[in-house]
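Only one structure is covered here, and it is reproduced in the block below.
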Amino acid sequence: MSDNIERYPDYIKRVVVADDDCLQRTYISSILKKLGYDPYEADNGICALKLLRDHNAQILICDLDMPGLNGINLARRIRSDPGELYVHILMVTGRNQSEERERALDAGIDDFMAKPVDTASLTARIRSVKRLLLHEKRLAEREDKLRLAKERIESDLNDAANAQRRMLPDQHIRIGQCEFHSAMMASNILAGDMFAYFEIDPGILGFYAIDVAGHGIHASLMSVALGHMLSAEFFRQWAIDKDGDPDPAALVRFLNKKFFRDDSTDYFTMFCGVLDQSRNELHFCQGGYPSAIITGPAGVCTSLGQGGFPVALLTQAEFENQKTYFPPDHFMVLVSDGALEAEDPSGQPFDDDGVKNIITARAHDPASIPDRIIEALSEWRGGSPLDDDLTVVVCERIQA
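Just so we're aligned: the sequence shown equals residues 234 to 633 in my numbering.
In C-alpha cells form, the structure reads like this:
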C-alpha cells in the first residue's frame with residue numbers, strides 16, 4: 234500500500250486530521266501512515282489551526298461537524314489569513330449534506346469525502362493533492378529560476394548602463410575657449426544616445442551628438458560602438474581634409490557608408506561639427522538630428538541647419554558642410570528629439586518653442602540649461618518618464 238512518499242519533501246508528507254470522533258480520526262491517520270504520510274491529529278478546529286502553523290502542513294482532512302469551530306468556519310479562518318503555503322482542505326461529510334457542501338465550497342474547501350471514509354477514496358484524494366503539491370513545487374522552483382535570471386540580467390544591464398555613462402564627458406568641462414555643459418537621461422536602463430567633444434588640434438575642437446533609432450539593448454550597442462569610434466583621432470582623420478580645412482560632412486558620409494546595410498533598418502541621427510576658435514567659425518553637418526540653437530547675450534535664438542538625412546538609412550543620402558559665425562559670449566545648444574517630441578498629458582509636444590523659451594530665460598546662465606530642460610520636461614509630462622532618450626549639450630564660448 235506504500236505510495237513511495239518517502240522520496241518526496243517532508244512538507245508533502247504532513248497531514249493534519251481534524252475530527253472530534255476519536256475512532257474516525259485514528260482510522261484516517263492509520264491509513265495515512267500506511268501510505269507513508271505523517272498525520273497530526275486534532276480533536277477541534279482551534280487545535281487544527283495550531284498544528285497547521287506549527288508543522289507548516291499543507292494538507293488538512295477535517296470533519297464538517299465539529300463542536301466550536303466546525304469544518305466550514307475552520308476553512309474560512311484558513312482562507313481569510315493565508316500564509317505563504319496554500320493549505321489543501323479535504324472535508325469529510327455525510328452523504329445527505331448537499332447544502333452544507335455548497336457552503337463549504339464557498340468557504341474554500343477543495344474536495345470532499347463521504348462517510349464512512351474508505352481506503353480507496355482517501356488514497357485517491359491524497360494522491361491527487363500530492364500531485365498538486367509537486368506541481369506547485371515545480372512552479373515555485375521555475376519562478377525562482379526566472380527571478381534569479383531576471384536579477385542577473387538586470388544586474389548586467391545596470392553594469393552596462395554604468396559603463397555607457399562612463400563613456401560620456403564630465404557634466405561641466407572646459408576645453409580651450411569653450412565650456413561644455415551636458416545632461417543625458419535614458420528612457421530605459423540603456424540609452425541609444427551618445428555625445429562627446431574634444432580638442433582635435435590646438436585651437437580646433439570637434440563635437441558630436443548621436444541618437445540611434447529605437448530603444449534598449451540594440452540601440453545602446455550601436456551607440457557604444459559609435460562612441461568608441463568617434464574619437465579626436467577619428468575626427469582628425471575624417472573631419473579635416475587634406476588641406477587642413479574642416480570637413481565634417483566627409484565624416485558623416487564615411488559613417489553612412491560604413492553602417493548602411495541592405496538587410497537592416499538600423500540608422501541614427503547625428504549633429505557633428507568642428508570649431509575653429511581663432512576664427513570663431515563653426516563648421517557643421519546635420520544628419521537628421523534636431524537643429525542646434527545658437528544664442529547670444531540678448532537671448533535671441535538662431536537655429537542651425539535644416540534637418541538632413543539620417544545616417545545609414547539611404548546609401549545615396551547626401552550630406553553637406555555648413556558654416557556659421559560663433560563668437561565668444563555666445564553659446565550653442567543641442568537637444569535630442571526626446572525633448573522636442575515629449576508630450577504632455579493632453580498630447581501636446583514640448584517642441585522647439587519649449588526649448589527656446591528655456592534658452593532665452595537662461596541666456597545669462599548657460600550652465601543651468603541642461604538641468605532646467607530636464608526639470609521642465611518632468612513638469613510638462615506630469616511626472617511621467619520620457620518615451621525617448623534625452624540629450625542636452627551646451628557649448629559656451631568664453632573670452633580668451
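Using N, Cα and C, we set each Cβ at its ideal position, and we do this for glycine too. Only a predicted model underlies this, so the values are computations on that prediction, with no experimental measurement involved.
Counted within 10 angstroms of its Cβ, other Cβ atoms place residue i as buried (16 or more) or exposed
i: D584; result: exposed
i: P603; result: buried
i: K363; result: buried
i: K378; result: exposed
i: P599; result: buried
i: S262; result: buried
i: K636; result: Coverage of the chain is limited to positions 234 through 633, which leaves residue 636 absent and any answer about it impossible.
i: T326; result: buried
i: A275; result: buried
i: S388; result: exposed
i: N289; result: exposed
i: G541; result: buried
i: G571; result: buried
i: Q549; result: exposed
i: D243; result: exposed
i: G304; result: buried
i: M234; result: Because the pLDDT of M234 is 44, which lies under 50, any placement of that residue in the model is unreliable, and the question is left without a value.
i: P315; result: exposed
i: M299; result: buried
i: D351; result: exposed
Which residues DSSP lists as bridging residue i, in chain order
i: D426; result: D444
i: A416; result: V625
i: F493; result: DSSP output for F493 lists no bridge partner at all.
i: I185; result: Because the chain is modelled from 234 through 633, residue 185 falls outside the range shown and cannot be assessed.
i: M346; result: V325
i: C518; result: C505
i: P272; result: V248
i: A525; result: L537
i: I473; result: P479
i: D434; result: I437
i: Q410; result: Paired residues: none, contrary to the question.
i: H405; result: H414
i: R630; result: C411
CB-CB length for residue i against residue j, believed under 8 Å
i: R312; j: G341; result: 4 Å
i: E412; j: E551; result: Not really, about 34 Å apart at Cβ, beyond 8 Å.
i: E538; j: Q555; result: The sequence given here has Gly at residue 538, not Glu. Indeed, because the Cβ distance is near 6 Å, the residues count as touching under 8 Å.
i: G439; j: Y430; result: 7 Å
i: D426; j: S536; result: Contact doesn't hold; Cβ gap of about 20 Å is too wide.
i: G460; j: M503; result: That pair is no contact at about 12 Å.
i: V249; j: L284; result: 5 Å
i: Q291; j: L318; result: 5 Å
i: G520; j: P543; result: 6 Å
i: A337; j: A308; result: 7 Å
i: I526; j: I592; result: 6 Å
i: A393; j: L423; result: 6 Å
i: F492; j: A545; result: 4 Å
i: G587; j: A609; result: 7 Å
i: A196; j: G532; result: The structure shown does not extend to residue 196, since the chain is modelled only from 234 to 633, so the question has no answer here.
i: Q510; j: Q397; result: Their Cβ separation, rounded to whole angstroms, is 30 Å, which puts Q510 and Q397 out of contact at 8 Å.
Neighbourhood of residue i by C-beta distance below 6 Å, restricted to the same chain and skipping five residues each side
i: P578; result: G615
i: N421; result: H448, G449
i: D252; result: R258, D296
i: E574; result: P582
i: L508; result: L438, L515
i: M405; result: Per the sequence presented here, residue 405 reads as His, with Met not at that position. The answer, listed in chain order, is H414.
i: E553; result: A482
i: E576; result: P582
i: S331; result: none
i: D271; result: K246, R247
i: P349; result: none
i: N391; result: none
i: I264; result: T352, L355
Cβ neighbours of residue i in the same chain (closer than 8 Å, five flanking residues each side left out)
i: G301; result: N277, G278, I279
i: N513; result: Y558, F559, P560, P561, R630
i: P402; result: F413, S415, F428, A429, Y430
i: E333; result: L297, I305, T326
i: S456; result: Q397, A424, G425, D426, M427, I443, V445, F501
i: F487; result: W471
Residues near residue i in its chain [Cβ-Cβ closer than 7 Å; skip 5 each side]
i: S617; result: none
i: I386; result: none
i: C534; result: I526, T528, K589, I592, T593
i: R358; result: L323, D344, M346
i: E185; result: Outside the shown range of the chain (234 to 633) lies residue 185, about which nothing can therefore be said.
i: R494; result: none
| field | Three or more C-beta pairs below 8 Å linking the region 557-572 and the region 491-500 | value | no
| query | Using 8 Å as the Cβ pair cut-off and three pairs as the minimum, do the region 438-458 and the region 617-631 touch? | reply | yes
| Any 3 or more C-beta pairs closer than 8 Å across the region 376-396 and the region 592-607 | no
| Stretch-stretch touch, CB-based, cutoff 8 Å, three pairs: the region 404-418 with the region 455-475 | no
| field | Stretch pair the region 472-490 + the region 514-526: three plus CB contacts closer than 8 Å | value | yes
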